[in-house]
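Numbering of the sequence shown is given in our numbering, commencing with residue 333 and proceeding in unit increments.
Yeah, the Cβ is synthetic: ideal placement off N, Cα and C, and Gly gets one too.
Input: a single structure, listed below in C-alpha cells.
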Amino acid sequence: MDRPIGVTILAALAVLLAVLNAIATLRFLGFFPFIGPLDIRIFNLWYVLLYGLMTYIWAWVAKMLWEVNPQGWMFMAVIAIFNLCLDFVILVTGGSWLDVNFSIIINALILIYMMLPGVREAFGTD
C-alpha cells in the first residue's frame with residue numbers, strides 16, 4: 333500500500349515521542365537531572381516502568397503507522413490521549429512545565445493532525 337506523506341509525518345512524530353519517553357525513563361532511573369528550580373536526580377521504579385512501557389508502545393505504534401495499519405490510527409489516538417493525561421498528572425503532582433512541554437505539544441499536534449481528512453482517508457476511517 334502507498335504511504336501518504338501525512339502517515340509518514342505521524343510515524344515520525346510517534347518515533348519522536350518514543351525518544352522523549354525514553355529520556356523520561358532515563359531521568360527516573362537517575363541518569364539525567366530534572367530541569368527546574370532544583371537540579372536533582374530521582375529514582376522511581378514505578379515511573380521507570382510506566383515510561384518504559386510508553387516508550388515501547390510509541391515504537392510499536394510507529395511501526396503500525398509505517399505499515400499503514402488501520403488499527404494503528406485508532407491506537408495512536410488512544411495512546412496520545414493517555415500520554416496527555418500522564419503529563420497532566422506530572423504537572424499536578426509538582427512536575428515542571430519544562431519537563432513535559434514537548435510531550436504535551438507533540439501529543440496535541442498529533443491529535444489535531446490525525447483528524448485531518450487526508451490522514452483519515454489513508455487509514456480508511458472516513
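Buried or exposed: which applies to Ala440, given that a residue is buried once 16 or more other Cβ atoms fall within 10 Å of its Cβ? Exposed, because fewer than 16 other Cβ atoms sit within 10 Å of the Cβ of Ala440.
Take Ile355 as the anchor and find which of Trp392, Leu342, Gly384 has the nearest alpha-carbon.
Ranking Trp392, Leu342, Gly384 by Cα distance to Ile355 puts Gly384 first.
Can you tell me whether Gly427 is helix, strand or coil according to DSSP?
Here Gly427 sits in coil by DSSP.
Taking only three categories from DSSP, how would you classify Gly456?
In the structure shown, Gly456 sits in coil (DSSP, three-state: anything other than H, G, I, E or B).
Helix, strand or coil for Asp334, going by three-state DSSP, please let me know.
Note: Asp334 maps to coil in three-state DSSP.
Notebook entry, point to check: So is Asn353 buried or exposed if we call it buried at 16+ other beta carbons inside 10 Å?
Noted result: In this structure Asn353 is buried. Its beta-carbon is surrounded by 16 or more other beta-carbon atoms within 10 angstroms.
Check: Beta carbon of Leu345, beta carbon of Ile437: below 7 Å?
Finding: Taking the C-beta atoms as reference points, Ile437 is found no nearer than 7 Å to Leu345.
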